[in-house]
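Sequential numbering from 1 applies to the sequence shown in our numbering.
A virtual CB, placed ideally from N, CA and C, is assigned to each residue, including glycine.
Please read these numbers as outputs of a predicted model, since none were measured by experiment.
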Amino acid sequence: MRTRIAPSPTGDPHVGTAYMALFNWAFARHHGGQFVLRIEDTDQARSTATSEQAIFDALRWLGLDWDEGPEVGGPHGPYRQSERKDIYQQQVQSLLNKDHAFYCFCTKERLDAVRAEQQANKQTTRYDGHCASLSAAQVASRMQAGESHVIRMRVPEQGDCTFTDRLRGPISIPFSQIDMQVLVKADGMPTYHLAVVVDDHLMGITHILRGEEWLNSVPKHQLLYHYFGWPPPELIHLPLLRNPDQSKLSKRKNPTSVTYYRDMGYLPEALVNYLSLMGWSMPNEEEVFSLQQMVEVFDIDRMTTGGPIFDQAKLRWLNGQYLRQLDSAQYAQRIQAWMLNANKLQQLIPLVQERAERLSDLLPLVNYLLGNLPTLSEEDFAHKSLQREQVLKVLHHTLSTFDNMRDWQRDALFSQCQGLAAAMELKFRDFLFPLFIATSGRAVSLPLFDSWMFLGADMSRARLRTALDALAVSNKERKRLDKEYQALPTLMAAGDSPAN
Ligand code: GLU
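Here it is, written out as structure tokens:
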């Protein structure tokens, strides 16, 4: 038995990744199998080494170890998709040879027009097969002329794809709904669909446990397994974590990064216990259990298919249970590992030293950086030249900008804020005021941009979200603010900046 987790290193280490990793890990460990970590970094523009490292750190912190992966090695490497280009090229060539795939030269303009027409006719939007019957000679001459092209898979015109998901039973999807998926992009990189099938097969993966959002992609994958002549792995699609309003857990509404929970002082064993409860239950319904206890009795058929709500209050309660189980020496050691250590102090001292007159000034200066969200009310945001509406805009637009930032760098934060202030025609000083309050609970604090760097992306965003809640922003207001944000002239520049 071999399972895997295949994260894309394009952002903070998501609790959803940890949740999937946990079940793949527990399943493999229970059956004495192996658990593989593969990095899906074919989106070269969005993948970063920092994000990859953060994923490794987060999983290790949670106690989830892997037998094969980028740093660990193993017999089926390399374990980063960007290093496996030759393998995909070879495999896609075998599909072309057997005529299961074809070259497509359609331009973006043509594809857009086809899509628009299908939308207007209320049809499934999919590739219309324009290049599917080009002759070998036509293909050769267009290639020679240097025309940009992709490779697409063929899809039967009729019939259904029927497959079984272990938790959901048999599922049938008509091929007429399946797109002739691009397998190799114009830049020669494989798409997810080609890479996932090739890698899962070559890496000997026997069971795929992943999010239910991939269910609709299964027909494409089953076809590819069939074309290659490989046996498909067993499929187990797990329910996605959800926000309290049932939408898919997203950083717009909830802190989603494992780093956030670590910095807020959650214990790894409590977080991992909580994540287990999201999709599974112990046979005796016990709620507090260790990874080891879970592995001993793990039974995949006890997984739920209902979308579990990520409930902060329940997680806090569970964490409290774990804190109370520690003896005082262990408790002290956990506090040190959390924030009260030389490494963290090193980051704070440059900020504090020039502002303190006594050593004891440390705590009052930094308390808002050590995890406690200030409780705010509308009066805290009162300002001589800013109306409530402007305060809302500053908070909302900054939060929206932060939601889109992939790389949390001081310079980028600064230039984004300057751009926003200019677009909103506010003095930079005035623009910063609501952000100071939201972040630190006071108008005068340690420098704002340094505070955000210390807090990290998820924690900083959580502060801004809490501030908007304190100002009792209604859903209607939020929708209007979203629209106004979209219309801001700086938005293009924000998307293009190196921070993204
Ligand atoms: N890279 C995909 C993701 O991060 C993996 C999906 C899969 O497990 O097949 O969601």
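| query | In the DSSP assignment, what residue or residues form a beta bridge with residue 248? | reply | Here residue 248 refers to the residue found at position 248 of the sequence shown. According to DSSP, residue 248 bridges with 242.
| Coarse secondary structure for residue 20, derived from DSSP in three states | The count along the sequence shown starts at 1 and reaches residue 20 at position 20. Three-state result, residue 20: helix.
| query | Is residue 7 near the ligand GLU, going by C-beta to nearest heavy atom under 8 Å? | reply | As a working mapping, residue 7 is identified with position 7 in the sequence shown. Yes, Cβ of residue 7 sits closer than 8 Å to a heavy atom of the ligand GLU.
| When you compare each of 442, 484, 231, 72 to residue 383 by their alpha carbons, which one comes out closest? | Start at 1 with the first residue of the sequence shown, and residue 383 comes out as number 383. Out of 442, 484, 231, 72, 442 has the C-alpha closest to the C-alpha of residue 383.
| residue 487 to residue 420 span [Cα, whole Å] | By one-based count along the sequence shown, residue 487 stands at place 487. By one-based count along the sequence shown, residue 420 stands at place 420. Approximately 12 Å between the Cα atoms of the pair.
| query | My guess is that residue 259 and residue 462 are in contact by the Cβ rule of under 8 Å, so how many angstroms apart are they, rounded? | reply | Position 259 of the sequence shown, counted from the first residue, corresponds to residue 259. Position 462 of the sequence shown, counted from the first residue, corresponds to residue 462. 12 Å between Cβ atoms; not a contact.
| Looking at C-alpha atoms only, which residue of 446, 370, 410, 338 is the closest neighbour of residue 353? | Here residue 353 is taken as the residue at index 353 of the sequence shown, counted from 1. It is 446.
| query | Does at least one heavy atom of the ligand GLU sit under 8 Å from the Cβ of residue 20? | reply | In the sequence shown, residue 20 corresponds to position 20, counting from 1. Yes - the ligand GLU has a heavy atom lying nearer than 8 Å to the Cβ of residue 20.
| First and last residue of the uninterrupted beta strand (DSSP E) at residue 103 | In the sequence shown, counting from the first residue as 1, residue 103 sits at position 103. It spans 101–104 - the beta strand (DSSP E) in which residue 103 sits, taken as one unbroken run.
| Between residue 55 and the ligand GLU, is the CB less than 8 Å from at least one heavy atom? | Position 55 of the sequence shown holds residue 55. The answer is no for residue 55.
| request: Report the rounded CA-to-CA distance for residue 348 versus residue 464, giving the unit in angstroms. | output: Looking up residue 348 in the sequence shown gives position 348. Looking up residue 464 in the sequence shown gives position 464. Rounded to whole angstroms, residue 348 to residue 464 spans 22 Å at the Cα level.
| field | Local conformation of residue 42 per DSSP, three classes | value | Taking the sequence shown and counting its residues from 1, one reaches residue 42 at position 42. It is coil, neither helix nor strand.
| said: Please tell me whether, using a cut-off of 8 Å, the distance from the CB of residue 40 to the nearest non-hydrogen atom of the ligand ADP is below it. | reply: In terms of ligand content, the structure shown lacks the ligand ADP and carries the ligand GLU instead.
| What residues match up with residue 557 in a beta bridge as DSSP calls it? | There is no way to answer for residue 557, as the model of the chain reaches only from 1 to 500.
| request: Name the two residues that bound the continuous beta strand (DSSP E) containing residue 172. | output: For this step, residue 172 is matched to residue 172 along the sequence shown. Looking at the DSSP string, the run of the beta strand (DSSP E) that includes residue 172 is 169–174.
| message | I'd like to check one pair, residue 473 with residue 397: are the Cβ atoms closer than 9 Å? | response | Position 397 of the sequence shown, counting from 1, holds the residue named residue 397. Position 473 of the sequence shown, counting from 1, holds the residue named residue 473. Cβ distance not < 9 Å, so residue 397 and residue 473 don't count as in contact.
| In its own chain, which residues sit with a C-beta less than 6 Å from the C-beta of residue 128, not counting the 5 before and 5 after it? | The residue labelled residue 128 in the question sits at position 128 within the sequence shown. So the qualifying residues of the chain are 114.
| query | What are the partner residues of residue 425, as DSSP defines its beta bridges? | reply | Locating residue 425 in the sequence shown gives position 425, counting from the first residue. Answer is none; residue 425 lacks a bridge partner.
| request: Please name the residue or residues paired with residue 489 in a DSSP beta bridge. | output: Your numbering for residue 489 matches position 489 in the sequence shown. Paired residues: none, contrary to the question.
| field | Endpoints, the alpha helix (DSSP H) within which residue 383 is located | value | In the sequence shown, counting from the first residue as 1, residue 383 sits at position 383. Per DSSP, residue 383 belongs to no alpha helix (DSSP H) and is neither H nor E.
| said: the ligand GLU and residue 210: does the residue's C-beta get closer than 8 Å to at least one heavy atom of that ligand? | reply: Numbered from its first residue, the sequence shown carries residue 210 at position 210. Answer for residue 210: yes, Cβ within range of the ligand GLU.
| field | Cβ neighbour criterion (16 or more within 10 Å) applied to residue 172 | value | By one-based count along the sequence shown, residue 172 stands at place 172. Answer is exposed; the Cβ neighbour count stays below 16.
| request: With hydrogens ignored, establish whether the beta-carbon of residue 196 is closer than 8 Å to any heavy atom of the ligand GLU. | output: As a first step, residue 196 is located in the sequence shown; it is residue number 196 there, counting from the start. Yes, Cβ of residue 196 sits closer than 8 Å to a heavy atom of the ligand GLU.
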